[in-house]
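Dropping the structure here:
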């Protein structure tokens, strides 16, 4: 979510429960993002509808779409890396894929990361570096003993970016009741 704007929005799962484990690492290795107010999160849809176009219909559609997805328990289980980013892997992957699919179905005009063919890998970014492999090793050493981090996924949050480049929590869309485990 790089850049500075004033009309950008995102749909995310905020993972405040991981702050005690990953917060200090994230503040050191993802300074700009943290400084702009982005909480530790798993992206569901970015870019989302520009803020100027968010109206009651958009909010209603998001509310209905996410209410159809059952709430669930999740964990951040391992450290992973892309080319320049280090992240924590959320499990169960298929449940995060279901959230992404619900957002894609409801808002097809706003493909994830602007690419309709993008194959999403749910993740919670905790660092950025030219050498993501080395940073991932450091993250494994520092954060590994604190993993997994369990958290409840009961809502999707809409974040909005202000003109000064700071992100804020704008709306929350509750997920549906959790599925009965059948016990």
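Residue numbers (our numbering): 1 to 183. From the three backbone atoms N, C-alpha and C, an ideal C-beta is built for every residue, glycine too.
Backbone secondary structure at residue i - three-state DSSP
i, result
"residue 8", "coil"
"residue 177", "coil"
"residue 13", "strand"
Distance CB(residue i)-CB(residue j) smaller than 7 Å
i, j, result
"residue 125", "residue 85", "yes"
"residue 21", "residue 157", "no"
"residue 37", "residue 163", "no"
"residue 166", "residue 66", "no"
"residue 127", "residue 135", "yes"
"residue 70", "residue 178", "yes"
"residue 14", "residue 39", "yes"
"residue 122", "residue 148", "no"
"residue 59", "residue 112", "no"
"residue 74", "residue 151", "yes"
"residue 120", "residue 100", "yes"
"residue 72", "residue 153", "yes"
"residue 138", "residue 76", "no"
"residue 32", "residue 79", "no"
Residue i: first and last residue of the uninterrupted beta strand (DSSP E) it sits in
i, result
"residue 156", "155-161"
"residue 174", "167-174"
Nearest-angstrom beta carbon gap, residue j and residue i [assumed within contact, 8 Å]
i, j, result
"residue 160", "residue 51", "5 Å"
"residue 54", "residue 110", "The pair is not a contact, with the Cβ atoms about 11 Å apart (cut-off 8 Å)."
"residue 143", "residue 106", "Not a contact, Cβ separation roughly 34 Å."
"residue 10", "residue 43", "6 Å"
"residue 41", "residue 129", "Not confirmed; about 20 Å, so no contact."
Entirely within the stretch 20-87 and at least 4 residues each: give me those alpha helix (DSSP H) ranges in chain order. 31-35, 56-67
What alpha helix (DSSP H) runs, 4 residues minimum, are completely inside the stretch 83-151? Taking only runs of at least 4 residues, the alpha helix (DSSP H) segments lying wholly in the stretch 83-151 are 93-106, 132-143.
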